[in-house]
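A.B. asks: One structure, pasted below without further comment.
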Amino acid sequence: MTITFNKESFRGDYSFHNSAAAIRRFPFPFDRDEYMYSVNMEPHKGGRDGSVFQRRFDVDEHYLSEMEDRAITLSRDPMRCQSLPHMRVAGWDVLELIMVSKSEDYPDLFELHRDGDRWRWINRPMGIDDSFTFLDDSTLPYGPLEYITRQTQGDFAVLDQRQGNLWMDAGMITSQADWSLDFDIGMSFFEWHAPVPRAAEMGIFQRALKFLLNVQQDSPARRLNWTLTVNPRLDTSPETYPEWGPEKRSLTPENIGEKQFLRVELQSFWRLPRSNGVLFPIRCYLISMQDLVTVPKWGRRLHRVIRDLPEDLATYKGFIVNRPLIVDYLARFDDGAPTSADI
Ligand code: HEM
Numbered sequence: 199m200t201i202t203f204n205k206e207s208f209r210g211d212y213s214f215h216n217s218a219a220a221i222r223r224f225p226f227p228f229d230r231d232e233y234m235y236s237v238n239m240e241p242h243k244g245g246r247d248g249s250v251f252q253r254r255f256d257v258d259e260h261y262l263s264e265m266e267d268r269a270i271t272l273s274r275d276p277m278r279c280q281s282l283p284h285m286r287v288a289g290w291d292v293l294e295l296i297m298v299s300k301s302e303d304y305p306d307l308f309e310l311h312r313d314g315d316r317w318r319w320i321n322r323p324m325g326i327d328d329s330f331t332f333l334d335d336s337t338l339p340y341g342p343l344e345y346i347t348r349q350t351q352g353d354f355a356v357l358d359q360r361q362g363n364l365w366m367d368a369g370m371i372t373s374q375a376d377w378s379l380d381f382d383i384g385m386s387f388f389e390w391h392a393p394v395p396r397a398a399e400m401g402i403f404q405r406a407l408k409f410l411l412n413v414q415q416d417s418p419a420r421r422l423n424w425t426l427t428v429n430p431r432l433d434t435s436p437e438t439y440p441e442w443g444p445e446k447r448s449l450t451p452e453n454i455g456e457k458q459f460l461r462v463e464l465q466s467f468w469r470l471p472r473s474n475g476v477l478f479p480i481r482c483y484l485i486s487m488q489d490l491v492t493v494p495k496w497g498r499r500l501h502r503v504i505r506d507l508p509e510d511l512a513t514y515k516g517f518i519v520n521r522p523l524i525v526d527y528l529a530r531f532d533d534g535a536p537t538s539a540d541i
């Protein structure tokens with residue numbers, strides 16, 4: 199497989215763009231014309247050829263630019279990557295899982311050679327060829343979690359499992375939808391989810407936690423989540439809100455197709471073998487409204503979802519001020535035809 203990597207940015211001039219192939223494989227998250235929270239989890243065991251679900255850790259045309267953006271964010275704010283002392287082994291678990299998966303799933307891009315605890319890792323797109331000793335931190339330029347997630351698209355929360363709960367005790371979080379690792383570090387599953395409207399009362403978090411506590415090795419699970427973002431920006435964190443918050447006010451009927459993005463998170467859940475922790479990768483896919491409406495059934499459905507989303511969800515997701523503009527724009531692409539679940 200050959201991937202041509204885009205030269206693009208997620209800040210400044212925002213030159214991010216999707217090729218026609220990237221639009222076709224975009225993980226459109228709605229299976230009906232309305233949306234409400236649910237325990238929408240399924241086994242993460244592949245998907246259609248070419249889809250974002252096919253491989254364990256999807257690599258696409260945005261890979262190199264996303265890694266550059268992560269490096270910029272980390273240089274400005276090193277606290278985006280943290281690991282409490284007891285999470286050291288979990289970090290090595292993450293490194294092993296990603297290296298094994300990527301070298302098996304993309305053998306032309308990544309190679310892993312193992313001779314006992316002497317490992318050699320080759321990342322061709324990034325020009326990396328490193329040898330190190332597995333479980334010996336002193337042999338890598340960063341801690342194991344930071345080392346491998348500087349080379350892997352998506353954010354990564356690493357959860358410790360104890361007392362029948364999950365604890366956010368490590369992570370690499372540089373492309374989040376307005377939440378902070380530095381704020382959430384050390385919190386439990388219910389504590390970090392406290393700001394989410396409705397879901398606790400609906401029993402979603404109780405059921406989701408029960409499911410997660412029982413995720414088994416080699417049987418990962420996944421779900422999709424979504425929000426809207428003005429401009430193709432990965433780093434929409436509370437720490438940088440002064441940079442991107444005001445951009446929400448820059449939308450006009452003329453520029454909305456180009457500047458308003460649907461942001462979809464492919465979240466997956468993996469049991470880690472040595473630490474018994476859980477890895478939670480959050481892979482972000484962005485698509486502009488003008489690209490999205492090139493698929494008529496998506497434009498039609500997104501119009502209905504955004505128009506009818508309960509006010510508290512639209513407020514929490516941060517687009518309530520722009521909802522009228524977005525709905526007006528999308529209405530032009532909704533001919534009123536019925537839609538099906540197969541989308
Ligand atoms: C939101 C983390 C699993 C449902 C969030 C937020 C975080 C988070 C940090 C943002 C909260 C804020 O506003 O500050 C995680 C982690 C998980 C996990 C680390 C894995 C251990 C799940 C699962 C479900 C779920 C399994 C449900 C099946 C939600 C929902 C939201 C949310 C509905 C609100 C999202 C929105 O409206 O955009 N999660 N979560 N989470 N989470 Fe989770």
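Note that the numbering used here has the sequence shown beginning at 199, numbered continuously upward. Ideal Cβ placement from N, Cα and C applies to all residues, glycine included.
Name the two residues that bound the continuous beta strand (DSSP E) containing alanine 355.
C.D. replies: Position 157 of the sequence shown holds residue 355. Start and end: 353-360.
A.B. asks: Just the C-alpha distance for methionine 400 and tryptophan 317, rounded to the nearest angstrom, thanks.
C.D. replies: Along the sequence shown, read from residue 1 onward, the residue named residue 400 stands at position 202. Along the sequence shown, read from residue 1 onward, the residue named residue 317 stands at position 119. So the two alpha carbons sit approximately 47 Å from each other.
A.B. asks: Does DSSP put isoleucine 371 in a helix, a strand or coil?
C.D. replies: For the purposes of this step, residue 371 is identified with residue 173 of the sequence shown, where counting begins at 1. Residue state, collapsed to three classes: coil.
A.B. asks: Can you tell me whether tyrosine 527 is helix, strand or coil according to DSSP?
C.D. replies: Position 329 of the sequence shown holds residue 527. DSSP places tyrosine 527 in helix when its eight states are reduced to three.
A.B. asks: Can you give me the C-alpha to C-alpha distance between glutamine 351 and glycine 534, rounded to a whole angstrom?
C.D. replies: Taking the first residue of the sequence shown as 1, we reach residue 351 at position 153. Taking the first residue of the sequence shown as 1, we reach residue 534 at position 336. Cα to Cα, the separation comes out at about 37 Å.
A.B. asks: Does the Cβ-Cβ distance between alanine 368 and leucine 282 come in under 8 Å?
C.D. replies: Stepping through the sequence shown from its first residue, residue 368 is reached at position 170. Stepping through the sequence shown from its first residue, residue 282 is reached at position 84. Against a cut-off of 8 Å, the Cβ pair of leucine 282 and alanine 368 comes out as a contact.
A.B. asks: What does glutamate 240 pair with, by DSSP beta-bridge criteria?
C.D. replies: Within the sequence shown, residue 240 is the residue found at index 42, counting from 1. Glutamate 240 pairs with Arg420.
A.B. asks: Quick one: is the Cβ of tyrosine 514 within less than 7 Å of any heavy atom of the ligand HEM?
C.D. replies: Along the sequence shown, one-based indexing puts residue 514 at 316. Yes, the Cβ of tyrosine 514 comes within 7 Å of a heavy atom of the ligand HEM.
A.B. asks: Which residue marks the beginning of the alpha helix (DSSP H) containing histidine 501, and which one marks its end?
C.D. replies: Position 303 of the sequence shown holds residue 501. First-last of the alpha helix (DSSP H) with histidine 501: 494-506.
A.B. asks: Any heavy atom of the ligand NAP within a distance shorter than 7 Å of the CB on asparagine 412?
C.D. replies: With respect to small molecules bound, the structure shown includes the ligand HEM and not the ligand NAP.
A.B. asks: Output yes or no for whether 8 Å exceeds the beta carbon distance between leucine 379 and glutamine 465.
C.D. replies: For the purposes of this step, residue 379 is taken as the residue at position 181 of the sequence shown. For the purposes of this step, residue 465 is taken as the residue at position 267 of the sequence shown. No, the pair does not count as a contact, with Cβ atoms beyond the cut-off.
A.B. asks: Cβ of tryptophan 468 within 7 Å of any heavy atom in the ligand HEM?
C.D. replies: Counted from its first residue, the sequence shown places residue 468 at position 270. The answer is no for tryptophan 468.
A.B. asks: Once DSSP output is grouped into helix, strand and coil, what is the label at methionine 324?
C.D. replies: Position 126 of the sequence shown, counted from the first residue, corresponds to residue 324. Three-state result, methionine 324: coil.
A.B. asks: Quick check on the burial criterion: 16 or more other C-beta atoms within 10 angstroms. Buried or exposed for methionine 285?
C.D. replies: Here residue 285 refers to the residue found at position 87 when the sequence shown is read from its first residue. Per the 10 Å Cβ criterion, buried.
A.B. asks: Are the segment 475-492 and the segment 446-463 touching, with three or more C-beta to C-beta distances below 8 Å?
C.D. replies: In short, these stretches touch, since the Cβ pair count reaches three.
A.B. asks: Alpha carbon to alpha carbon, what distance is there between phenylalanine 354 and leucine 364?
C.D. replies: Within the sequence shown, numbered from 1, the residue matching residue 364 stands at position 166. Within the sequence shown, numbered from 1, the residue matching residue 354 stands at position 156. Approximately 14 Å, taken between the alpha carbons.
A.B. asks: I need the boundaries of the alpha helix (DSSP H) containing phenylalanine 381, first residue and last residue.
C.D. replies: Residue 381 sits at position 183 when you count from the first residue of the sequence shown. 379-382 is the extent of the alpha helix (DSSP H) around phenylalanine 381.
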